[in-house]
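The next block holds one structure in the form of structure tokens; read it before the comments.
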Amino acid sequence: MALLEVSGLTTHFHTRNGVVRAVDGVSFSVDRGETLGIVGESGSGKSVTCYSLLRLIPEPPGRIESGTAMFDGQDLLQMTQAQLRQVRGKRISMIFQDPMTSLNPYLRISTQLVEALQVHSDIDDKAALAKAIAALEEVGIPEASRRVRSYPHEFSGGMRQRVMIAMALITDPDLLIADEPTTALDVTVQAQILEIIRQRQEKLGTAVILVTHDLGVVAGTCDKVNVMYAGRIMESGTAEQVFYEARHPYTRALQKTIPSLQKKGQKLFTIPGLPPDLAKPITGCAFYPRCPYPKVAGPVGDVPVLRDLGNGHCHAECHFCDSTAPIESVLPEDLAEDAVVGDAAPAEGGAA
Amino acid sequence: MVKFIGLRLLQGAIVLLAIYAVTFFLVAMTPGSPFSSERAIRPEILAQIEAFYGYDKPALERFWLSLVNMLQGEFGPSAVYANRSVTDIIGEAFPVSLQLGGMALVIALLLGIPAGIIAAVKRNTWLDYLPMSLAMAGICLPSFVMGPMLALLFGIILRLLPVAGWFGPEYWILPAGTLGLVYAAYFARLTRGGMLEMLNQDWVRTARAKGVPERQIIFKHCLKGGLIPAITFLGPALAGIISGSFVVETIFQVPGLGQWFVRGALNRDDFLILGLTLLFAALIVVMNLLVDIAQVALNPRLKHG
Chain Y
898 MALLEVSGLT THFHTRNGVV RAVDGVSFSV DRGETLGIVG ESGSGKSVTC YSLLRLIPEP
958 PGRIESGTAM FDGQDLLQMT QAQLRQVRGK RISMIFQDPM TSLNPYLRIS TQLVEALQVH
1018 SDIDDKAALA KAIAALEEVG IPEASRRVRS YPHEFSGGMR QRVMIAMALI TDPDLLIADE
1078 PTTALDVTVQ AQILEIIRQR QEKLGTAVIL VTHDLGVVAG TCDKVNVMYA GRIMESGTAE
1138 QVFYEARHPY TRALQKTIPS LQKKGQKLFT IPGLPPDLAK PITGCAFYPR CPYPKVAGPV
1198 GDVPVLRDLG NGHCHAECHF CDSTAPIESV LPEDLAEDAV VGDAAPAEGG AA
Chain S
122 MVKFIGLRLL QGAIVLLAIY AVTFFLVAMT PGSPFSSERA IRPEILAQIE AFYGYDKPAL
182 ERFWLSLVNM LQGEFGPSAV YANRSVTDII GEAFPVSLQL GGMALVIALL LGIPAGIIAA
242 VKRNTWLDYL PMSLAMAGIC LPSFVMGPML ALLFGIILRL LPVAGWFGPE YWILPAGTLG
302 LVYAAYFARL TRGGMLEMLN QDWVRTARAK GVPERQIIFK HCLKGGLIPA ITFLGPALAG
362 IISGSFVVET IFQVPGLGQW FVRGALNRDD FLILGLTLLF AALIVVMNLL VDIAQVALNP
422 RLKHG
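Taken in order, these protein sequences are the chains called Y and S. One rule links them: number in my numbering = place in the first sequence (from 1) + 897. One rule links them: number in my numbering = place in the second sequence (from 1) + 121.
Shown next as structure tokens:
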């Protein structure tokens, strides 16, 4: 049985402008020691999915409407607050996007590091501090025994994210959820942070859910990938399947946007238009209005179901899913050349 | 830290000197004198009085003389009350105001800060709306309305407490309560604001993700930062509250310092005005320094700045 089995997770935000369907029926699973990547544009529901698992979304306005998240045989979404506290930080830990604001500026690093230990076990102060120093050393912070006494503002962004990783892993959790852990960091530090996560994962056998919008990161580190759009999963499978045999137009369009895979001197490819307004109900394919493929058949009527190709590779139903041909070969000549960088007006007209 | 405090004390001394000079010359430039009265005084007697108080010398010289006296701790005689020095008056009235203000402050902090914390934690529930509406009312109702209302309720209708005088513990309750409630309202609103800001920080989510119990999040993670607005307000509030509230002291006939501010001004009691102004200014300077020290102690980011 998988370590974490999420099915039909639906999280809505009840705002003044209507119900925002941030996560709309998401299902996936993570095995022990495995790394699952969740990719998608901003606002696609990646982070809300993760926060929902630990019930960290602000309620109200947020509400987990339905679904289950079986973690080691227990449903995270049905737990009492007391049960949930036993899981948070002990069996499932989390790293957040912005290390500059994710550590408490009023408390010493040492206090924050030992807190996770002391909340979950009867460890004495001295032993806890020794463990905290060891944890800092493991994530490559020099002079850990001195620097553990520092306050967060005395650390750089990369150092703070190392502290976050040390803090998250100090209790040897079964699952680490990393919500865009490198987005706020510069590129050289990004690589170091990912390498630290990978090393620690290897040593401790931790399962990792890595949320990112960087496809390069996913390709380099993940076993499995979920591609999310508008709160739904568009395609999922092993990293190889999603990268080399991408079926859904959204996945293929996303791949096309990786700058390093594009020809030099050409205008960079972007997906025209903006993600849909989640406060309005979406019928049919959420990506249809922006889909660069020819609008041959109009949008699918209902919410497209995920089709399982039999080997763990799933994708949302679509007219263009039967081939794995790259996006250029499907597009008409003129579209492939430049219409894809053009404006989204005709596409949106087609949606109406 | 020592350097910081020394520097601030030096700044404070300069501020006090400036305040003293401005007050002195404003008083000196005001038409009339402490000795003008409806009754006609014979000129030679007036001259004698003026000579006794030093008013025969030019203002600049008087300023210098009074400054020298002041530095020796001598505030001079009252120009109106015979045989009483300003030091006597302050020495008699200040302890009363200090006691009244101290009690009011304890009430204000004990009511205001817990109310603010509860309102922030239970935001948008009746535990937030009820204390915050009361606080809003407390801020809007001036003490000259609240005081008589409390006196009417507890003194006249319920006949539980005396409404005037300063003779024993039962006399302290109404004035200290009135003054305390007004400040409690401010502290409640400031604490709520500060705590709300802290509770919305990203690192609170980090703490929750670690499984930290909610109580520990409030008191260990948020209280330090959440109290900063209230503590910033504490400096001027403290100076105001212990140097006597004219309104509250008048309503309840408390023999505190507040009445002397007004009497000094109305009687043109120059030395009393100067003495009281300097006392009030010194209190503000010292309180603000204490607040700054408290802030550095609470916020580690200020220590190295």
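We put the beta carbon where it would ideally sit given N, CA and C, even for glycine.
query: What's the call for MET224 (chain S), buried or exposed, on a 16-neighbour Cβ count within 10 Å?; result: buried
query: In this structure, how does DSSP classify PRO1002 (chain Y) when only helix, strand and coil are distinguished?; result: coil
query: Between the alpha carbons of GLY1207 (chain Y) and THR946 (chain Y), how many angstroms are there, rounded?; result: 25 Å
query: So LEU311 (chain S) and PRO350 (chain S) are supposed to be a Cβ contact under 8 Å. How far apart are they, rounded?; result: 4 Å
query: If you pair each beta-carbon of the stretch 209-218 of chain S with each one of the stretch 155-167 of chain S, do three or more pairs fall below 8 Å?; result: no
query: Can you list the residues of chain S that ASP995 (chain Y) reaches, using a CB-CB cut of under 9 Å?; result: ASP323
query: Using a threshold of 8 Å, state whether the C-beta atoms of LEU1082 (chain Y) and GLN1098 (chain Y) are closer than that.; result: no
query: Considering only the beta carbon of each residue, do MET1061 (chain Y) and PHE993 (chain Y) sit closer than 8 Å?; result: yes
query: What residues in the stretch 242-254 of chain S bring their beta carbon closer than 9 Å to a beta carbon of chain Y?; result: ASN245
query: Spell out whether any CB of chain S is found under 8 Å from the CB atom of GLU1012 (chain Y).; result: yes
query: At which residues does the alpha helix (DSSP H) containing PHE125 (chain S) begin and terminate?; result: 123-150
query: For GLY197 (chain S) versus ASN204 (chain S), is the C-beta distance shorter than 8 Å?; result: no
query: VAL990 (chain Y) bridges to which residues according to DSSP?; result: Correcting the residue type first, residue 990 (chain Y) is Ser in the shown sequence and not Val. In DSSP, SER990 (chain Y) forms a bridge with Y:LEU1073.
query: So the candidates are Y:THR932, Y:ASP1071, Y:GLY959; which of them puts its Cα closest to the Cα of HIS911 (chain Y)?; result: Y:GLY959
query: Which whole-angstrom value is the C-beta distance of THR299 (chain S) and LEU271 (chain S), which I expect to be below 8 Å?; result: 6 Å
query: For SER1018 (chain Y), which residues of its own chain have a beta-carbon under 6 Å away from its beta-carbon, when the five flanking residues on both sides are left out?; result: none
query: Given a cut-off of 8 Å, decide if VAL1124 (chain Y) and VAL1108 (chain Y) are closer than it, judged by their beta-carbon atoms.; result: no
query: So, at 7 Å on beta carbons, what are the nonlocal neighbours of VAL417 (chain S) in its own chain, with the 5 sequence-adjacent residues on each side left out?; result: LEU423, LYS424
query: Examine chain S for any beta-carbon lying closer than 8 Å to the beta-carbon of GLY1055 (chain Y), and answer yes or no.; result: no
query: Checking contacts by CB at 8 Å: is HIS911 (chain Y) closer than that to chain S?; result: no
query: In three-state terms, what does DSSP make of GLU1040 (chain Y)?; result: coil
query: Anything in chain S within Cβ reach of GLN983 (chain Y), meaning under 8 Å, just list it in chain order.; result: GLY332
query: Taking ASP1205 (chain Y) as part of the alpha helix (DSSP H), name the residues at either end of that continuous run.; result: That residue, ASP1205 (chain Y), is in no alpha helix (DSSP H); its beta strand (DSSP E) goes 1203-1205.
query: So, with DSSP's three-state summary, where would you put LYS1121 (chain Y)?; result: strand
query: Counting C-beta neighbours from all protein chains within 10 Å, is the total for TYR1126 (chain Y) 16 or more, i.e. buried, or is it exposed?; result: buried
query: Starting from SER944 (chain Y), trace the alpha helix (DSSP H) in both directions and tell me its first and last residue.; result: 943-950
query: Three or more C-beta pairs under 8 Å: does that hold for the stretch 1005-1021 of chain Y against the stretch 1063-1071 of chain Y?; result: yes
query: Counting only Cβ pairs nearer than 9 Å, list the residues of chain S close to VAL1016 (chain Y).; result: LYS331, GLY332, VAL333, PRO334, GLN337
query: Which residue from S:PRO290, S:TYR250, S:ILE414, S:GLY153 puts its Cα closest to that of GLY217 (chain S)?; result: First, the amino acid is wrong: residue 217 (chain S) is Val here, not Gly. When only C-alpha atoms are compared, the closest one is S:PRO290.
query: Interface residues of chain S around GLY1117 (chain Y) at Cβ under 8 Å?; result: The contacting residues do not exist; GLY1117 (chain Y) stays about 26 Å from chain S at best.
query: For my contact list, ARG313 (chain S) and LEU953 (chain Y) are in at a C-beta cut-off of 8 Å; report their separation, rounded to the angstrom.; result: 23 Å between Cβ atoms; not a contact.
query: Leaving aside the five residues before and after GLN132 (chain S) along the sequence, list all residues of the same chain whose C-beta is less than 7 Å from its C-beta, in chain order.; result: none
query: Throw me the rounded Cβ distance for the GLY286 (chain S) and TYR292 (chain S) pair, which I believe falls under 8 Å.; result: 5 Å
query: Please work out which residues of its chain come closer than 6 Å, Cβ to Cβ, to ASP967 (chain Y), disregarding the five sequence neighbours upstream and downstream, and give them in chain order.; result: The identity of residue 967 (chain Y) in the sequence shown is Met, whereas the question assumes Asp. If we look at MET967 (chain Y) and ignore the five residues flanking it on each side, its Cβ neighbours are GLU902.
query: Contact defined as beta carbons within less than 8 Å: I believe PRO1189 (chain Y) pairs with ILE1168 (chain Y). What is the distance between those atoms, to the nearest angstrom?; result: 7 Å
query: So for ARG389 (chain S), helix, strand or coil by DSSP?; result: coil
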